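Residue numbers (the working numbering): 69 to 471. Data block below; observations after.
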């Protein structure tokens with residue numbers, strides 16, 4: 069399209085407000101708009117916010133996947149779902165956040181055919197995370213309400229459930245991925261009297277699919293998660309009333325910790341996605357002018373996407389094994405003290421802990437020295453000579469400590 073002709077059309081239609089009949093090839097793709105160039109400070113601030121979000125999500129979820137994959141003690145049904153959620157959140161950070169934030173800021177799609185991929189990964193991984201949380205809440209509910217029954221999510225069943233979740237999520241995302249396309253538009257800037265060509269990545273689907281997506285990704289999960297956590301709360305309350313707190317065994321405490329961790333994950337998800345769904349459900353874009361609407365949506369979008377970065381933080385604070393794994397990975401940071409020997413004799417390696425306990429029972433370790441070492445975090449080796457032997461056995465700290 070000839071640039072001079074476009075400028076002439078823009079001057080007549082946009083500046084002089086003439087009632088023009090546009091050429092057929094420009095119908096629906098030629099618009100008048102004020103200048104919307106962003107200031108440098110705004111661009112830098114938005115870029116830093118989204119890059120930090122991406123880095124946190126990619127690094128955090130990668131570490132979670134490494135901890136679960138690398139350590140045999142982490143290989144059980146519950147953690148398979150955590151691995152699955154970490155993988156899904158990693159995909160969101162890479163293929164959705166990484167491209168969509170520039171599009172929402174500049175209103176121009178720079179990534180060509182990645183439009184289809186972005187549309188798919190904007191829906192499928194989120195559905196995977198939501199369905200995984202529902203499966204975990206149901207599993208925890210059964211474990212608490214019916215503690216004597218066999219665990220519903222064994223390793224094999226967990227793998228099958230995860231495969232089913234991915235199939236359902238893929239089917240859910242396909243209509244949007246198929247409908248996604250890149251369209252070109254011409255915009256006349258009434259301030260600078262220039263015409264620019266922009267590209268829009270959109271997936272125009274029937275409103276029925278949008279309602280189904282809202283139900284699967286938000287409405288249904290809230291109902292199911294609310295129901296399961298209500299049953300869990302009632303069961304825990306009954307247990308607390310019937311059992312003295314001092315008599316609770318380690319198994320009950322472990323269940324309680326797992327439920328609390330899952331509850332924090334659910335709260336983070338609900339809080340992060342609530343503004344996003346309210347914005348779209350009530351068409352709040354109509355309440356903002358063009359200048360402020362963009363920034364309002366960017367903030368809402370950032371909050372929603374930040375949900376892919378919070379789970380690793382929750383695991384780190386709520387679970388000792390994850391905490392040890394994170395401290396070992398980030399041991400190069402000055403404020404974190406986690407030597408390789410401390411890591412290898414931690415809860416991530418129960419076999420080594422058992423062998424150390426046997427050494428303690430056989431009297432090969434000076435227990436008073438060990439107590440002092442744990443309290444003071446000293447580097448002294450608490451060893452005693454074996455009977456009739458010149459060999460020594462070493463015992464190291466069982467966890468990593470912050471300085």
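Glycine included, C-beta positions come from ideal geometry on N, C-alpha and C. In this text, all values refer to a predicted model and were calculated from it rather than measured experimentally.
- Candidates 224, 120, 265, of which the one nearest residue 146 by Cα: Within the chain shown, the letter at position 78 stands for residue 146. Per the Cα distances, 224.
- Item | Whole-angstrom C-beta distance between residue 194 and residue 160, which should lie under 8 Å | By one-based count along the chain shown, residue 160 stands at place 92. By one-based count along the chain shown, residue 194 stands at place 126. 7 Å between Cβ atoms; contact.
- Buried or exposed: where does residue 414 fall if 16 or more other Cβ atoms within 10 Å of its Cβ makes it buried? For the purposes of this step, residue 414 is taken as the residue at position 346 of the chain shown. So residue 414 ends up on the buried side.
- DSSP state of residue 265, grouped into three classes? Mapped onto the chain shown, residue 265 falls at position 197. Three-state result, residue 265: strand.
- Look at the alpha carbon of residue 213 and the alpha carbon of residue 303, and state the distance between them as a whole number of angstroms. Position 145 of the chain shown, counting from 1, holds the residue named residue 213. Position 235 of the chain shown, counting from 1, holds the residue named residue 303. Looking at the two C-alpha atoms, the distance is approximately 6 Å.
- Task: Report yes if the C-beta of residue 72 is less than 7 Å from at least one heavy atom of the ligand NAP; otherwise report no.
- Result: Among the components modelled here there is no ligand, and therefore nothing to report on the ligand NAP.
- Along the beta strand (DSSP E) that carries residue 253, what are the first and last residues, could you check? Residue numbering aside, residue 253 sits at position 185 when the chain shown is read from its first letter. Start and end: 249 to 257.
- Message: Am I right that residue 177 and residue 250 are in contact with their C-beta atoms under 8 Å? What's the rounded C-beta distance?
- Response: For this step, residue 177 is matched to residue 109 along the chain shown. For this step, residue 250 is matched to residue 182 along the chain shown. The Cβ separation is near 6 Å, so the contact holds.
- Query: What are the complete alpha helix (DSSP H) segments, minimum 4 residues, inside the stretch 338 to 394?
  - Reply: 358 to 373, 375 to 386
- Message: So, for residue 127: in the same chain, excluding its five sequence neighbours on each side, which residues have a beta-carbon less than 6 Å away from its beta-carbon?
- Response: Reading the chain shown from its first residue, position 59 is the one you call residue 127. Nothing listed; no residue qualifies.
- Item | Proximity winner among 390, 330, 404, 237, relative to residue 131 (alpha-carbon distances) | Taking the first residue of the chain shown as 1, we reach residue 131 at position 63. Looking at the Cα atoms, 390 is the closest of the given residues.
- Query: Run through DSSP, which three-state label would residue 405 get?
  - Reply: Translated into the one-based positions of the chain shown, residue 405 becomes position 337. Correct three-state label for residue 405: strand.
- Message: Using only CA atoms, which one of 242, 409, 152, 396 lies nearest to residue 129?
- Response: Counting from one through the chain shown, the residue named residue 129 turns up at place 61. Closest by alpha carbon: 152.
- With 16 other CB atoms within 10 Å as the buried threshold, where does residue 221 fall? Within the chain shown, residue 221 is the residue found at index 153, counting from 1. When all chains shown are included, residue 221 counts as buried.
- Task: Kindly indicate which three-state DSSP category residue 130 falls into: helix, strand or coil?
- Result: Residue numbering aside, residue 130 sits at position 62 when the chain shown is read from its first letter. It is helical.
- Task: May I ask which residues mark the beginning and end of the alpha helix (DSSP H) holding residue 279?
- Result: Here residue 279 corresponds to residue number 211 of the chain shown, with the count starting at 1. Note, residue 279: alpha helix (DSSP H), 275 to 282.
- Task: Locate the alpha helix (DSSP H) running through residue 163, then write down its first and last residues.
- Result: Reading the chain shown from its first residue, position 95 is the one you call residue 163. Per DSSP, residue 163 belongs to no alpha helix (DSSP H) and is neither H nor E.
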